[in-house]
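Participant: One structure follows; several queries about it will come next.
Numbering (my numbering), first residue to last: 313 to 381.
So this is what it looks like as structure tokens:
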């Protein structure tokens, strides 16, 4: 199984889990999936959805100046 196939399979599993009203433990037991694997992919997916982004910062007006000697 290629990396892309594995990612798609887990995306499908995660969607199926989320649409159920079961806990991770219950869902994994019913579907023959190890809980550790499920938690790994849940964390991996969560991290993939939150890319780092630069945000603008408003420093306001200049109030005064400082001279260093």
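From the three backbone atoms N, C-alpha and C, an ideal C-beta is built for every residue, glycine too.
Just the Cα atoms here: how many angstroms apart are residue 331 and residue 315?
Facilitator: 24 Å
Participant: CB residue 319 to CB residue 345, shorter than 8 Å?
Facilitator: Against a cut-off of 8 Å, the Cβ pair of residue 345 and residue 319 comes out as no contact.
Participant: Starting from residue 331 and walking both ways along the alpha helix (DSSP H), at which residues does that stretch end?
Facilitator: In the DSSP assignment, residue 331 falls within the alpha helix (DSSP H) that extends over 315-331.
Participant: Sorted by chain position, which residues of the same chain lie with C-beta nearer than 7 Å to residue 322's C-beta, five sequence neighbours on each side aside?
Facilitator: 353
Participant: Quick check on the burial criterion: 16 or more other C-beta atoms within 10 angstroms. Buried or exposed for residue 313?
Facilitator: exposed
Participant: Measuring alpha carbon to alpha carbon, tell me which of 373, 366 and 336 ends up nearest residue 355.
Facilitator: 336
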